[in-house]
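So the number in the working numbering is just where the residue sits in the sequence shown, counting from 1, plus 11. Idealized CB from N, CA, C, for every residue including glycine. Predicted model only: the values in this text are computed from it and were never measured.
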Amino acid sequence: ETRRPYKTGFTYLASAGLRFATEELHQYYYDVDAAFVTPERSQFESQAGYSGLFVDYIANWRTESLIYWALLRYQNLQGAAFEDSPLVEQNDYLMIGAGVTWVFATNL
Numbered sequence: 012e013t014r015r016p017y018k019t020g021f022t023y024l025a026s027a028g029l030r031f032a033t034e035e036l037h038q039y040y041y042d043v044d045a046a047f048v049t050p051e052r053s054q055f056e057s058q059a060g061y062s063g064l065f066v067d068y069i070a071n072w073r074t075e076s077l078i079y080w081a082l083l084r085y086q087n088l089q090g091a092a093f094e095d096s097p098l099v100e101q102n103d104y105l106m107i108g109a110g111v112t113w114v115f116a117t118n119l
C-alpha cells in the first residue's frame with residue numbers, strides 16, 4: 012500500500028516572494044577580499060538583509076513512474092544588500108529548466 016498517495020496527470024504551482032539571507036551567506040557569494048581586488052574588481056563586504064524578489068512557475072505531468080517537469084523563474088536583485096558587489100553583473104535574470112524524474116519506489 013502506498014503511504015504517500017499521488018495523483019497522475021498535470022499539476023502546476025505559481026509562487027512569488029521576497030528573499031532575505033544572513034551576512035554569512037551574502038559574504039560567501041558576493042564578498043571580494045583585498046587579496047582578490049583588481050582594477051576592474053573593487054573590495055566589497057556584504058551585509059545581512061534583503062536578497063531580491065522572485066516569481067516562479069512550476070508545471071509537471073506525472074505518470075505511474077515518471078514525472079516530466081518544467082520551471083520558469085524570474086529573479087530581481089534591485090535593492091539587494093549585495094547589489095553593489097562587483098560580482099553582480101545584472102540586476103535581474105530569467106531561468107528556465109526542465110527534466111524528467113523516475114519514481115522507482117512508491118511505498119517506502
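Neighbourhood of residue i by C-beta, 7 Å cutoff - its chain only, sequence neighbours within 5 removed
{"i": "N71", "result": "T22, I78, Y79, W80"}
{"i": "N87", "result": "G63, L64, N102, D103"}
{"i": "W113", "result": "S76, L77"}
DSSP-derived helix/strand/coil call for residue i
{"i": "T117", "result": "coil"}
{"i": "P110", "result": "Position check: residue 110 holds Gly in this sequence, whereas Pro was assumed. Correct three-state label for G110: strand."}
{"i": "D95", "result": "coil"}
Own chain, CB closer than 6 Å to residue i, minus 5 neighbours either side, in chain order
{"i": "L105", "result": "Y85"}
{"i": "A109", "result": "A81"}
{"i": "V66", "result": "A27, Y85"}
{"i": "A116", "result": "none"}
Assigned exposure category for residue i - 16 Cβ within 10 Å defines buried
{"i": "A32", "result": "buried"}
{"i": "S26", "result": "exposed"}
{"i": "F93", "result": "buried"}
{"i": "S57", "result": "buried"}
{"i": "A46", "result": "exposed"}
{"i": "A91", "result": "buried"}
Expected contact under 8 Å - CB spacing of residue i and residue j to nearest Å
{"i": "Y41", "j": "V99", "result": "7 Å"}
{"i": "I69", "j": "L24", "result": "5 Å"}
Within-8 Å CB hit, residue i to chain B
{"i": "W80", "result": "Judged by its chain identifiers, the structure shown contains no chain B, having just a single protein chain."}
Same chain, Cβ closer than 8 Å to residue i, neighbours up to 5 away in sequence not counted
{"i": "V48", "result": "Q54"}
{"i": "P97", "result": "V43, E51, R52, S53, F55"}
- Item | Length-filtered (3 minimum) beta strand (DSSP E) runs lying within the region 12–87 | Complete beta strand (DSSP E) runs here, min 3: 20–32, 60–73, 77–87.
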